[in-house]
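So the structure is just underneath, and the comments pick up after that.
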Amino acid sequence: MNIYLQTLMRDLHSAIRNLSSILNPLLFFIISISLFPLAISPEASTLSQIAAGIIWVASMLAVLLSLNSLFHHDFDNGVLEQMLISHHSLPLLILSKIVAHWLLTGVPIILLSPLLGVFLFLDDESIKVLMLTLLLATPSLSLIGAIGASLIVSIKNSGMLLSLLILPLYIPILIFASSAVSQAQAGLEIDAQLYFLATILTVSLMLAPFVSALSLRISLE
1 MNIYLQTLMR
11 DLHSAIRNLS
21 SILNPLLFFI
31 ISISLFPLAI
41 SPEASTLSQI
51 AAGIIWVASM
61 LAVLLSLNSL
71 FHHDFDNGVL
81 EQMLISHHSL
91 PLLILSKIVA
101 HWLLTGVPII
111 LLSPLLGVFL
121 FLDDESIKVL
131 MLTLLLATPS
141 LSLIGAIGAS
151 LIVSIKNSGM
161 LLSLLILPLY
171 IPILIFASSA
181 VSQAQAGLEI
191 DAQLYFLATI
201 LTVSLMLAPF
211 VSALSLRISL
221 E
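Numbering-wise (full-length UniProt numbering), the sequence shown opens with residue 1 and increments by one.
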């Protein structure tokens, strides 16, 4: 089996054996959204207006919670050192790990979003746009997050530092994604927002594995 596919499958199997690493971010995602009607207002008109922002902020924070486990387990087990000295492409190995992270975190968020959209009184068209923005942008969250995770891989209890590094880079994604849903609710065109999200994904896919590989080499020296 291809070494990159093996890396992907190993990360998936490892996460399944340690279900808390998958469930904790998703439970946070669901619970945090569920609390907003209690804190703000249970009225449909109010919740539908802010639903896109609520779901997207919760999505970002859920992804951020899961990033700590992206490299730390392999760092503790010495797997990262073996990846660094192997003759295989380190950026592609990292990309395999990022894909596994997205499958375990981003895909469940996308699948849960219609239910939470209904809970926050989004209409059908807005829910479709919400899922489309999540499909375009959650891979970018994992790719960009991998850069921050690789920079602090050797630092223990680095959750706060990771947040400080990554959250500013997530802001453009939050703005364009929530704006697309809001524009769809108003019956306006959303092509510009989707193009920006697709551009961010393309640039992240081209740069993040290489930047993460360089950061890992620096962190492990």
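Each residue gets a CB set at the ideal place from its N, CA and C atoms; glycine is no exception.
Terminal residues of the alpha helix (DSSP H) in which residue i lies
i, result
"Lys97", "Leu90 to His101"
"Leu120", "Careful: Leu120 lies outside any alpha helix (DSSP H) and carries neither H nor E."
"Val211", "Asp191 to Leu220"
"Ser66", "Ala44 to Ser66"
"Ser86", "Taken as a continuous stretch (DSSP letters only), Ser86 belongs to no alpha helix (DSSP H), as it is neither H nor E."
"Thr7", "Ile3 to Arg17"
Rounded C-alpha distance that separates residue i from residue j
i, j, result
"Ser154", "Asp123", "45 Å"
"Leu26", "Pro108", "8 Å"
"Ser179", "His87", "44 Å"
"Asn24", "Thr7", "23 Å"
"Gly12", "Ala100", "The identity of residue 12 in the sequence shown is Leu, whereas the question assumes Gly. Near 6 Å, if we compare the C-alpha coordinates of Ala100 and Leu12."
"Thr133", "Ser212", "24 Å"
"Leu92", "Ser41", "47 Å"
"Ile190", "Met60", "21 Å"
"Ser34", "Ile98", "28 Å"
"Leu162", "Ser204", "18 Å"
"Leu115", "Pro209", "33 Å"
"Gly117", "Ala51", "7 Å"
"Ile171", "Ala58", "13 Å"
"Tyr4", "Gly53", "36 Å"
"Glu81", "Ala186", "52 Å"
"Leu64", "Ile147", "12 Å"
"Ala184", "Met131", "12 Å"
"Leu112", "Asn18", "21 Å"
"Ile16", "Ile22", "8 Å"
"Ser66", "Ala39", "26 Å"
"Leu164", "Leu95", "23 Å"
"Ile144", "Met206", "11 Å"
Best match in the options for proximity to residue i [C-alpha to C-alpha]
i, options, result
"Leu188", "Ala149, Leu120, Arg217 and Ser126", "Ser126"
"Thr105", "Ile94, Lys156, Ala192 and Ser142", "Ser142"
"Leu197", "Ala186, Ser212, Val181 and Val211", "Val181"
"Gln49", "Met60, Leu61 and Phe36", "Phe36"
"Ser150", "Pro172, Trp56, Ile85 and Leu214", "Leu214"
"Ser45", "Phe121, Gly148 and Pro209", "Phe121"
"Ser14", "Ile173, His73, Gln185 and Leu220", "His73"
"Ser32", "Ile3, Ala62 and Glu43", "Ala62"
"Glu43", "Leu67, Thr138 and Phe119", "Phe119"
"Phe71", "Ile16, Phe29, Leu194 and Lys156", "Lys156"
"Tyr195", "Ala137, Met160, Leu165 and Leu220", "Ala137"
"Phe29", "Met9, Ile55 and Asp76", "Ile55"
"Arg217", "Asn2, Ser89, Leu47 and Arg10", "Ser89"
"Thr202", "Ser69, Pro139 and Ala192", "Pro139"
As assigned by DSSP and simplified to three states, the class of residue i
i, result
"Asp76", "helix"
"Gly187", "coil"
"Val153", "coil"
"Ile40", "coil"
"residue 229", "With the chain covering only 1 through 221, there is no way to say anything about residue 229."
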